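Residue numbers (my numbering): 458 to 742. Just so you know, even glycine gets a beta-carbon here, dropped at the ideal spot from N, CA and C. These figures come from a predicted structure and were not determined experimentally.
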């Protein structure tokens with residue numbers, strides 16, 4: 458990595474560990490990573506498994522079926538707005554079956570207009586969110602799908618680009634909740650979203666094991682991550698409202714012993730930052 462004075466240094470868990478664990482999750486504050494050594498894995502075949510359930514059933518389902526699985530390679534749960542009472546769990550298991558899609562990576566095609574229309578329908582049309590839950594997803598997830606692992610992992614983030622940001626845009630937030638506090642956080646999150654009429658397009662639930670190394674770790678213990686993709690207006694009044702409900706959501710995750718992701722819009726107060734990452738700044742080299 459390159460430090461602020463231009464010096465190039467190597468860092469690892471054993472070589473300059475303070476610099477390494479300060480840099481990982483440090484969001485560029487200590488230097489620029491110019492080269493990295495990564496562990497790789499085989500590009501094997503994976504089969505899609507889809508299960509629907511009440512959100513209250515998900516923690517036990519994950520603990521019993523996904524966490525101990527030797528076959529599960531990729532997994533997430535999508536929580537459906539506007540009720541936030543049910544979700545669809547999508548798992549990609551290793552398989553020896555023949556692929557149903559031959560491509561090893563997703564072809565470069567311009568589906569931007571289709572995606573823009575889909576998200577517009579979800580966020581703007583009457584009953585758009587229910588349409589996704591009861592029609593779009595059941596149709597889209599129908600049938601057997603077997604693909605190469607890299608195919609499923611090669612979505613183009615540019616497909617999320619809105620046609621214009623003149624009046625509105627999409628944004629992300631992410632919250633990390635201890636596994637035992639899953640239900641409590643969902644209840645609090647649901648209440649805030651409904652109170653402020655937050656235009657949520659999707660809440661994706663992921664899982665992370667503890668990270669005891671990074672100084673600014675967002676997973677000091679095993680957590681579920683709630684990735685919130687929402688639409689907001691770009692007028693000052695609307696941006697102010699986003700700040701209001703975001704701070705309430707941060708308070709909600711802090712109340713259950715969780716943390717929030719730092720790099721998104723800077724709505725958190727200094728007090729909230731110190732409550733979430735208390736004591737960690739003193740560890741930085």
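- Apart from sequence neighbours up to five positions away, the residues of its chain that approach residue 667 with a beta-carbon distance below 7 Å are 676, 677, 678, 679, ordered along the chain.
- For the pair residue 494 and residue 551, the Cα-to-Cα distance works out to about 26 Å.
- In this structure, 623 is the residue among 605, 623, 522, 639 with its C-alpha nearest to the C-alpha of residue 689.
- Judged by pairs of C-beta atoms under 8 Å, the segment 595–612 touches the segment 552–567, as three or more such pairs exist.
- Assignment of residue 564 by DSSP, reduced to helix, strand and coil, places it in the coil class.
- In the three-state scheme derived from DSSP, where H, G and I count as helix and E and B as strand, residue 468 is classed as coil.
- The Cβ neighbour count for residue 521, taken over all protein chains shown within 10 Å, is under 16; the residue is labelled exposed.
- The segment 526–540 makes contact with the segment 652–659, as at least three CB pairs between them are under 8 Å.
- Contact between the segment 691–699 and the segment 501–515 is absent: fewer than 3 CB-CB pairs across the two stretches fall below 8 Å.
- Separation of residue 590 and residue 547 (C-alpha to C-alpha, rounded to the nearest whole angstrom) is 14 Å.
- Residue 467 is not a Cβ neighbour of residue 489, given a cutoff of 8 Å.
- Rounded to the nearest whole angstrom, the CA to CA distance from residue 481 to residue 464 is 18 Å.
- CA-to-CA, the gap between residue 594 and residue 704 works out to about 32 Å.
- DSSP links residue 510 through a beta bridge to 544.
- For residue 608, no beta strand (DSSP E) segment is defined; the enclosing uninterrupted segment is the alpha helix (DSSP H) at 606–609.
- Counting C-beta atoms within 10 angstroms of its own C-beta, residue 630 has 16 or more neighbours from the protein chains shown and is therefore classed as buried.
- Taking a cut-off of 8 Å on C-beta distances, the segment 708–719 touches the segment 639–653, as three or more cross pairs fall below it.
- Proximity to residue 664 across 499, 687, 639 peaks at 639, based on C-alpha coordinates.
- Beta-bridge pairing by DSSP links residue 664 to 681.
- Between residue 469 and the set 596, 492, 627, the nearest pair of CA atoms involves 492.
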